[in-house]
Amino acid sequence: MRLRTRIALLTVAAVCATTAVASPVQAATDTHLEGELPSGAAYLMDVPADWNGTVLLYSHGYRPAGAPGNPAQNAPSPDALTRLLAAGYALIGSSYATQGWAVTDAVPDQLATLDLFTERFGAARRTLAWGTSYGGLVTTMLAERHADRFDGSLSMCGLVQGGAANWNSTLDPVFALKTLLAPAADIPLTDFPDQAAAQRAASALATRTAAAQETAQGRARIALAAALHNIPGHNDPTQTKPGPTDWQAQQANQYTALTGLIQLPAFSWRQEAESRAGGNMSWNTGVDYTAMLGRSPLYKEVSELYREAGLSLRTDLAALNRAPRISADATAVRWMRHTSVFSGRLTDPQLNIHTTGDALIPVQAESAYRRAAIAAGSGPLLSQAYVDAPGHCTFTSGEMIGALHTLEHRLDTGRWDASPEALNSRARQEDPATAARYLHYRPTPYPRPHDLAHPADVRTPSGDARP
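So the sequence shown is residues -27 to -1, 1 to 440, counted in mature numbering (1 follows the signal peptide of the UniProt record, and there is no 0).
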């Protein structure tokens, strides 16, 4: 890693302006430092008196625009912070200056926080980027585009399929619901002028979906929509795990997750992202939904529910493929590719961990990033591991810190030791109460990958190659 030694004048000014007082790093007590960056983002630093020389830059997950409060965060949980601080790690992070799809703020704010840390405490022996959920996207952006600042990175339940793929796969299930449940209704799915319009559309589609859930035919069609996003049949720790052929219970769990997708990501969060991108950044021109369902691990469930409902799956898929398609704004696609799409080019090791039962960022996102990394020649630098658990980011502290130690082992030895057995052992060493949940697993392909390493299969709204 090539550490930057020059600190921007604005960064120095921010150090001088902060109201917090930090004792020297050699002091007998831990240092807690808070302040504000020139961008308006808050930052937070905790440095132990016996600092081991490693600094962890944490990138937090998505915070909806307009949500009350935007605090800085420097660890995925209070328990993880306490454990890592006791082990000698310095933990830092920012709030990002804005909420929502804030990657253009998050990346510079995280780098500015690292600059401030270096100015105050000196150069770290080792600098690691890590983050959860949307913070996994920020972490991977830092790893790909600012590799000189870091020795390695850890993405946990990360949005590593990238922005364009995320918004495309968020569009697919609501497109299916509207087409099959409300074909004549005026329910826009993109190009929202404001939040009120997005919320009206979400409410209208949610009402139709709730009514459909009351019938066998409606439940089959909802399962089809869920399959296009790869929403697993056990996706929340509060759910009873269905049996492998309990299609009705699996569908009920998917319906709950799909309702959440409608309420926030597919409409409200999309509108905020569109406002940043300058238009609609997703499309389904040229998509073959029959082929997409055929690749889904949920195909069997969908086909069985259609059979039980007395519906023709072939007819509904044909209706999806005939339905008028949604085109993107080429300018918005370029903005998304410039800010939020990955190349797969890694300079330093990255470890990704993901739960198998994630409905918000399905585990298949890892297949998308593996595809990009291999195409970019970075395959040996990337390792991926999987936790057998329902829910989004439902890791224990032991599982997260065990993954961190696995990344450190790779940096120390030059080889990956990321087997489930090794990860479970490290997790239990950190927290003996941690269950052995890492497992051998290989996710199926992501429904619609979109990355900078595969321009040939990237299509514009008009169907032409690469914008």
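Each residue gets a CB set at the ideal place from its N, CA and C atoms; glycine is no exception.
This structure is a prediction, so every number in the text was calculated from the model and none was measured.
Nearest neighbour of residue i, chosen from the options [CA to CA]
| i | options | result |
| --- | --- | --- |
| glutamine 46 | Thr182, Gly375, Asp167, Thr86 | Thr86 |
| proline 422 | Arg343, Ala184, Arg243, Tyr228 | Arg343 |
| serine 285 | Leu197, Glu117, Pro210 | Leu197 |
| glycine 131 | Tyr262, Ile299, His33 | His33 |
| residue 498 | Val147, Thr188, Pro205 | The chain is shown only over -27 to 440; residue 498 falls outside these bounds and no answer can be derived. |
| alanine 200 | Ala264, Ala177, Trp256 | Ala264 |
| glycine 8 | Gln224, Asp321, Arg93 | Arg93 |
| tryptophan 242 | Arg36, Val275, Ser176, Gly251 | Arg36 |
| proline 335 | Tyr62, Leu57, Ser106, Ala222 | Ser106 |
| threonine 55 | Gln172, Asp404, Gly350 | Asp404 |
Other residues of its chain near residue i: CB distance less than 7 Å, five sequence neighbours each side excluded
| i | result |
| --- | --- |
| aspartate 82 | Leu10, Ser12, Ala14, Ser67, Tyr69, Ala70 |
| serine 128 | Gly104, Gly109, Thr112, Thr113, Gln323, Asn325 |
| alanine 348 | Gly317, Ala426, His427 |
| tyrosine 419 | Gln134, Ala138, Gln337, Ala338, Ser340, Ala341 |
| alanine 391 | Leu324, Ser356, Ala358, Thr379 |
Cβ neighbours of residue i in the same chain (closer than 8 Å, five flanking residues each side left out)
| i | result |
| --- | --- |
| methionine 254 | Gly136, Ala137, Trp140, Ala246, Glu247, Ala301, Asp302, Ala305, Val306, Trp308, Met309 |
| leucine 84 | Leu115, His119, Arg122 |
| threonine 77 | Arg249, Thr312 |
| alanine 40 | Gln72 |
| leucine 153 | Arg194, Leu197, Ala198, Asp289, Ala292, Leu293 |
Bounding residues of the alpha helix (DSSP H) (the contiguous stretch that carries residue i)
| i | result |
| --- | --- |
| methionine 309 | 303 to 313 |
| asparagine 325 | Looking at the DSSP string, asparagine 325 is not in any alpha helix (DSSP H); the run it does join, the beta strand (DSSP E), is 323 to 330. |
| valine 111 | 107 to 118 |
| isoleucine 374 | 370 to 386 |
| valine 275 | 272 to 282 |
| serine 289 | Correcting the residue identity first, residue 289 is aspartate in this sequence and not serine. First-last of the alpha helix (DSSP H) with aspartate 289: 286 to 295. |
| leucine 153 | 136 to 154 |
| isoleucine 347 | 338 to 348 |
| asparagine 397 | 393 to 403 |
| arginine 173 | 168 to 185 |
| proline 420 | Careful: proline 420 lies outside any alpha helix (DSSP H) and carries neither H nor E. |
Exposure label - residue i; buried when at least 16 CB within 10 Å
| i | result |
| --- | --- |
| threonine 27 | buried |
| threonine 218 | exposed |
| histidine 413 | exposed |
| alanine 193 | buried |
| lysine 273 | exposed |
| glutamate 394 | exposed |
| alanine -1 | No answer about alanine -1 holds up, because its pLDDT of 45 lies below 50 and its placement is not dependable. |
| alanine 175 | buried |
| proline 416 | buried |
| glutamine 227 | buried |
| glutamate 187 | exposed |
| proline 156 | exposed |
| threonine 163 | buried |
| alanine 149 | buried |
For residue i: DSSP bridge partner residues
| i | result |
| --- | --- |
| threonine 55 | Beta-bridge pairing links threonine 55 to no other residue. |
| methionine 265 | Looking at the DSSP assignment, methionine 265 forms no beta bridge with any residue, so it has no partner. |
| serine 126 | Ala102, Gln323 |
| leucine 30 | Ile65, Ala102 |
| alanine 358 | Ile326 |
| valine 20 | Thr4 |
| proline 363 | Gly330 |
Beta-carbon proximity list for residue i, same chain, < 6 Å, skipping 5 on both sides
| i | result |
| --- | --- |
| alanine 400 | Gly371, Glu372, Gly375, Thr407 |
| threonine 320 | Ala120 |
| isoleucine 235 | Ala175, Leu178, Ala179 |
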